[in-house]
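Participant: Pasting a structure below so you can have a look.
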Amino acid sequence: MFQNSHDFNIHRSQFISNQYDIHVPSLEHDLRFRLKPDLHPGHKQCLKGTRVEFLNNVILSMLSNSIVLIHGRAGTGKSSIAGSLAQILDKKQHPGLTDLEMAMSFYCIRESRDKDVSVLVPTLVYHLACAFPAFEEKLASDSKLNIGGDLSTQFNNLLLEPLQALKEEQKTSIAKKIAIIIDGLDEWGYEDDRKLFLTELQNLCREHEWMRFVITSRPNPEIAVEFLPEDTGLFRRMDLSQDNKTEDDIKTFIKDYWRKHSKLAKTLSEVQILTLLPYINSLFILADVVCKFLSQRPDRNFKILQNTETGFKSGKNSYDVLYSLYETVLTESIEDPTNQLSSYMNVISTICILQKPLSMDALKKFTNSDARDIVESLSAVLYTDLEDKVHYHLSFQEFILDREWPKRRLQKDLYQFNVNVEKQHEVIGSMCLKHMEQQLKFNICHLESSYISNEAVTNPDMKERVQKYISEELRYSCESWVHHACAAGENSQCWANIASFIQSTNIVYWMESLSCLNETSQIRTSMDYLAKTTKILDIKIGSKDISKFISAFFLPVSHSTPHLYVSALALAPKKTWLAGCMSKNLKDVLKVRHEGWDQFWSKEINQINVRASVGFVAYSPDGKEIVSGSSNETVRIWSAETGFPIGEPLRGHTASVWSVAYSPDGKLIVSGSHDKTVRIWSAETGFPIGEPLRGHTDSVLSMAYSPDGKQIVSGSSDETVRIWSAETGFPIGEPLRGHTDSVWSVAYSPDGKQIVSGSLDETVRIWSAETGFPIGEPLRGHTDSVSSVAYSPDG
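If you count by UniProt numbering, then the sequence shown holds residues 1 to 795, one letter each, in order.
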């Protein structure tokens, strides 16, 4: 790793700039590596002969609507419908599909909620590119393709901009409509994420009518409200509760299951099993659990279900019946509650609280028990996939975590099946820390050289090395220890272990492992969350310092893991918390021996290389983005977190841009230029909105939005202030005259009723925003130019 390294001198060494390049072997990157799509395995499908009419109606709706929303309660078969629809589209098993091309099915998983927020759009883009060659070529040719940022940024950078460029190049003409299925949107992200995603999706579909989306979801309010009222041609809602064939389909499902399971068929007749049909209440999940439960011990379990004391319990709705069935399954599966209940609940609660499914082997490492025997005995409610990872239906997790259910049933003993969520997070968090303590080590993936980027590692490549050297339980621990520790509460025993962990070399080895896993960004996210959550001062100080460290050295560490040691730790300021800890514990890391080494973190958080003189900068209202205007005639948007540019430069001005500002809602940007014009831009797409605002006779030096976003004020070298309608772009009234030299700065009062301006004539003036008349005399006292003005928050 440290080939031919010696002591050396470095002056002013701290890495702030993101313009860092480490021996990049080629500008051509693999699209899958760059987009990092999440490729979930396919889900089960509807039984042949069921849901036929409903699926046919979905396909017909897709032909005439851009978005089809299928909603229904948990257990109504939404995922099976999505799986069947994907197969029908892929195999062209419908006469109306000659003009429809299947691109992808994305299965949202609640366990990986935080991850899915960032991967859904890149995954969508990846599959769209595979189905649309011109789009694939466009993405591949973009050497600065950036998948980071929030959802709006991802939509803009990965979809809107490249598709708009293709449109302008007249390359978006495609013969077929492209279909994308998103299953379980209600399980993806959080409420605000879902609302924003649906808003962006509708905007995308209005621009590109050849796209087709099918979304399945529970009838959550935030999803339903985004599609009100129905927009013919854009959107169609389909409610599974209105499918009058459901009961017949469930009956077909039960009969088919009976025929295919000889043990069940030999013991119970079809007629016997169908006597349970009235209890199933149109829920496929109820039918599924009943059939699996019966197949374990047919005669015994059938009698249990028939018994009014041990079987189905009446309830206000079908979910009370489902919960009573889960209660029965658990009660009957644990044969010796005195000796088995604790181990059973440890496995069940671990499975239900993990952030993502684990294999049986990894699960065994987290529960210290033979998880396989327990999971197999609960095959009615738990199942494994082809990778031996354990899954469950969402309704089972809700039953296990619902502490109100026993109260509704008036049975206190049912608390034995409830989970103490904080306590279980503490158990899992402690196991994460234990696995990291035992398995983390220096150069875990056996990398040979710091001259090679992670992407260029070969023989074997980085993916193979990760598979070989980072166990599944270690990977999960590295990704999730902070989540579980913080969820365990302030009295958790985890905190004492964390205090030791972050001061040991393992904290560096943890960062190394995440770099190998291509999850470097998670270091800062985790440390920021840890600092925000903990009340322990040492942990708060340490996690904040680690966050600063990875922010400063993000690019080298994410690009080439060895540079965590070669560059980052070697050049970290000498008197920072992390450097102090590691100087005692990491003896063989490169060190700067002579003066010039920074002592403390710079107050500067980041440095953005604009490559031109910057006339003005402004933050977006949410603080996540920065807009700049430059002498190269462009406006640029930047990520405030990473310093990376978002999208392409906003082009349209023909001279230096002297001023920029965001609208109060953050959706628009206004800019003023030496070309005497004002321009309004979409902050989401970067496209200009309308024509330039013309009226000034010299450079526009300053811009500001009114608090309600309806007006824009500008100051100019022509000695005037002008007010504009933000909606129409037309000037409002006459220019505000009174200054005798260039107007360098303008601002609105908090109530929007007044405007203040500062000028090269050494005065400040206050104006009525309504009439445009000056209020009082000029404010005199300065003996030189007034370059900036602002109101106090109370006006």
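Quick reminder that beta carbons are idealized off the backbone N, C-alpha and C, glycines included. Everything numeric in this text was worked out from a predicted model, so none of it was measured.
On the three-pair Cβ rule with 8 Å, is the region 541 to 550 touching the region 423 to 437?
Facilitator: Taking 8 Å as the limit for Cβ pairs, the verdict is that the region 423 to 437 does not touch the region 541 to 550.
Participant: Counting Cβ pairs closer than 8 Å, one from the region 133 to 147 and one from the region 622 to 638, do we hit at least three?
Facilitator: Output reads no: the region 622 to 638 does not touch the region 133 to 147.
Participant: List the residues that DSSP assigns as beta-bridge partners of residue 466.
Facilitator: In the sequence shown, residue 466 corresponds to position 466, counting from 1. Its beta-bridge partners do not exist; DSSP assigns none.
Participant: Suppose the cutoff is 8 Å on Cβ atoms and the five residues either side in sequence are ignored; what does the same chain contact list for residue 388 look like?
Facilitator: Taking the sequence shown and counting its residues from 1, one reaches residue 388 at position 388. Only 359, 360 and 361 meet the Cβ criterion.
Participant: Which residue comes first and which comes last in the beta strand (DSSP E) that contains residue 767?
Facilitator: Start at 1 with the first residue of the sequence shown, and residue 767 comes out as number 767. That run of the beta strand (DSSP E) goes 764 to 768.
Participant: Helix, strand or coil: which one does DSSP assign to residue 13?
Facilitator: Taking the sequence shown and counting its residues from 1, the one referred to as residue 13 is at position 13. With a pLDDT of 36 at residue 13, under the threshold of 50, the modelled position of that residue is not reliable, and the figure given next carries that caveat. It is coil, neither helix nor strand.
Participant: Name the DSSP beta bridge partners of residue 213, please?
Facilitator: As a working note, residue 213 is residue 213 in the sequence shown. The partner list for residue 213 (beta bridge, DSSP) reads 67 and 180.
Participant: Classify residue 668 as helix, strand or coil using the three-state DSSP reduction.
Facilitator: The count along the sequence shown starts at 1 and reaches residue 668 at position 668. It is a strand residue.
Participant: My guess is that residue 250 and residue 285 are in contact by the Cβ rule of under 8 Å, so how many angstroms apart are they, rounded?
Facilitator: Position 250 of the sequence shown, counting from 1, holds the residue named residue 250. Position 285 of the sequence shown, counting from 1, holds the residue named residue 285. Going by Cβ atoms, the distance from residue 250 to residue 285 rounds to 10 Å, so no, they are not a contact pair.
Participant: In the DSSP assignment, the alpha helix (DSSP H) including residue 350 goes from what residue to what residue?
Facilitator: One-based indexing of the sequence shown puts residue 350 at position 350. Residue 350 -> alpha helix (DSSP H) spans 337 to 353.
Participant: Between which two residues does the beta strand (DSSP E) holding residue 626 run?
Facilitator: Walking along the sequence shown from the start, residue 626 turns up at place 626. That run of the beta strand (DSSP E) goes 625 to 630.
Participant: Go ahead and label residue 23 buried or exposed: buried means 16 or more other beta carbons lie within 10 angstroms of its beta carbon, across all protein chains shown.
Facilitator: Here the question's residue 23 lines up with position 23 in the sequence shown. Summary for residue 23: the model assigns pLDDT 35, below 50, so the residue's position carries little reliability; its value from the coordinates is reported in the next sentence. Residue 23 comes out exposed.
Participant: Look at the alpha carbon of residue 529 and the alpha carbon of residue 483, and state the distance between them as a whole number of angstroms.
Facilitator: The count along the sequence shown starts at 1 and reaches residue 529 at position 529. The count along the sequence shown starts at 1 and reaches residue 483 at position 483. Straight-line Cα distance between these residues: approximately 8 Å.
Participant: When DSSP labels each residue in this structure, what does residue 101 get in the three-state scheme?
Facilitator: Here residue 101 corresponds to residue number 101 of the sequence shown, with the count starting at 1. Correct three-state label for residue 101: strand.
Participant: Tell me whether residue 638 sits in a helix, a strand or coil according to DSSP, three-state version.
Facilitator: As a working mapping, residue 638 is identified with position 638 in the sequence shown. Residue state, collapsed to three classes: strand.
Participant: Going by beta carbon distance, what residues of the same chain come within less than 7 Å of residue 416, once the five residues before and after it are set aside?
Facilitator: If you number the sequence shown from 1, residue 416 lands on position 416. Contacts found: 341.
Participant: According to the neighbour-count rule (16 or more other Cβ atoms, all chains shown, within 10 Å of its Cβ), is residue 679 buried or exposed?
Facilitator: Within the sequence shown, residue 679 is the residue found at index 679, counting from 1. It counts as buried.
Participant: Assuming residue 789 contacts residue 745 (C-beta within less than 8 Å), just tell me the rounded distance between them.
Facilitator: Taking the first residue of the sequence shown as position 1, residue 789 is located at position 789. Taking the first residue of the sequence shown as position 1, residue 745 is located at position 745. That belief holds up - the Cβ atoms of residue 789 and residue 745 are roughly 5 Å apart, short of 8 Å.
Participant: Spell out the partners DSSP gives residue 681 in its beta bridges.
Facilitator: Translated into the one-based positions of the sequence shown, residue 681 becomes position 681. Paired residue(s): 669 and 688.
Participant: Let me know if residue 572 comes out buried or exposed under the rule of 16 or more other beta-carbons within 10 Å of its beta-carbon.
Facilitator: Position 572 of the sequence shown, counted from the start, is the residue given in the question as residue 572. Buried, since its Cβ has 16 or more Cβ neighbours within 10 Å.
Participant: Looking at residue 44 and residue 100, is the spacing between their C-beta atoms short of 8 Å?
Facilitator: The sequence position of residue 100 within the sequence shown is 100, counting from 1. The sequence position of residue 44 within the sequence shown is 44, counting from 1. No, these two residues do not count as a Cβ contact at 8 Å.
Participant: With respect to the beta strand (DSSP E) encompassing residue 391, which residues constitute its N-terminal and C-terminal limits?
Facilitator: Looking up residue 391 in the sequence shown gives position 391. It spans 390 to 392 - the beta strand (DSSP E) in which residue 391 sits, taken as one unbroken run.
Participant: Using DSSP with H/G/I as helix, E/B as strand and the rest coil, what is residue 662?
Facilitator: Translated into the one-based positions of the sequence shown, residue 662 becomes position 662. Reduced to three states, the DSSP call for residue 662 is strand.
Participant: What does DSSP give as the partner residue(s) for residue 284 in the beta ladder?
Facilitator: By 1-based counting over the sequence shown, the position of residue 284 is 284. BP columns for residue 284 are empty, so no partner.
Participant: At what residues does the alpha helix (DSSP H) containing residue 545 begin and finish?
Facilitator: Here residue 545 is taken as the residue at index 545 of the sequence shown, counted from 1. Residue 545 -> alpha helix (DSSP H) spans 537 to 552.
Participant: Assuming residue 274 is part of the alpha helix (DSSP H), what are its boundary residues?
Facilitator: Here residue 274 corresponds to residue number 274 of the sequence shown, with the count starting at 1. Taken as a continuous stretch (DSSP letters only), the alpha helix (DSSP H) holding residue 274 covers 270 to 274.
Participant: Could you give the DSSP three-state label for residue 572: helix, strand or coil?
Facilitator: Here residue 572 is taken as the residue at index 572 of the sequence shown, counted from 1. Three-state result, residue 572: coil.
Participant: Does the distance from the CB of residue 201 to the CB of residue 213 come in under 8 Å?
Facilitator: Against the sequence shown, residue 201 aligns to sequence position 201. Against the sequence shown, residue 213 aligns to sequence position 213. Taking 8 Å as the Cβ cut-off, residue 201 and residue 213 qualify as a contacting pair.
Participant: Distance, Cα to Cα, residue 395 vs residue 505?
Facilitator: Counting from one through the sequence shown, the residue named residue 395 turns up at place 395. Counting from one through the sequence shown, the residue named residue 505 turns up at place 505. If you take the alpha carbons of residue 395 and residue 505, they lie about 42 Å apart.
Participant: Quick one: grab the DSSP three-state call for residue 812.
Facilitator: Nothing about residue 812 can be reported from this structure: the residues present for the chain run from 1 to 795 only.
Participant: In whole angstroms, give me the CA-to-CA distance for residue 492 and residue 433.
Facilitator: Position 492 of the sequence shown, counted from the start, is the residue given in the question as residue 492. Position 433 of the sequence shown, counted from the start, is the residue given in the question as residue 433. When rounded, the distance between both Cα atoms is 13 Å.
Participant: Taking contact to mean at least 3 C-beta pairs separated by less than 8 Å, is the region 375 to 394 in contact with the region 446 to 455?
Facilitator: Because the criterion of three Cβ pairs below 8 Å is not met, the region 375 to 394 and the region 446 to 455 do not touch.
Participant: Can you tell me which of 750, 74 and 234 puts its alpha carbon nearest to the alpha carbon of residue 769?
Facilitator: Stepping through the sequence shown from its first residue, residue 769 is reached at position 769. Ranking the options by Cα distance to residue 769, first place goes to 750.
Participant: Could you tell me how far apart the beta carbons of residue 81 and residue 54 are, in whole angstroms, since I believe they sit closer than 8 Å?
Facilitator: As a working note, residue 81 is residue 81 in the sequence shown. As a working note, residue 54 is residue 54 in the sequence shown. Yes, residue 81 and residue 54 are in contact; Cβ-Cβ is about 7 Å, under 8 Å.
Participant: Could you say if the region 346 to 354 and the region 289 to 303 meet the contact criterion of at least three C-beta pairs nearer than 8 Å?
Facilitator: No, because fewer than three Cβ pairs between the region 346 to 354 and the region 289 to 303 fall closer than 8 Å, the two stretches do not touch.
Participant: List the DSSP bridge partners of residue 622.
Facilitator: Here residue 622 refers to the residue found at position 622 when the sequence shown is read from its first residue. Per DSSP, none; premise fails for residue 622.
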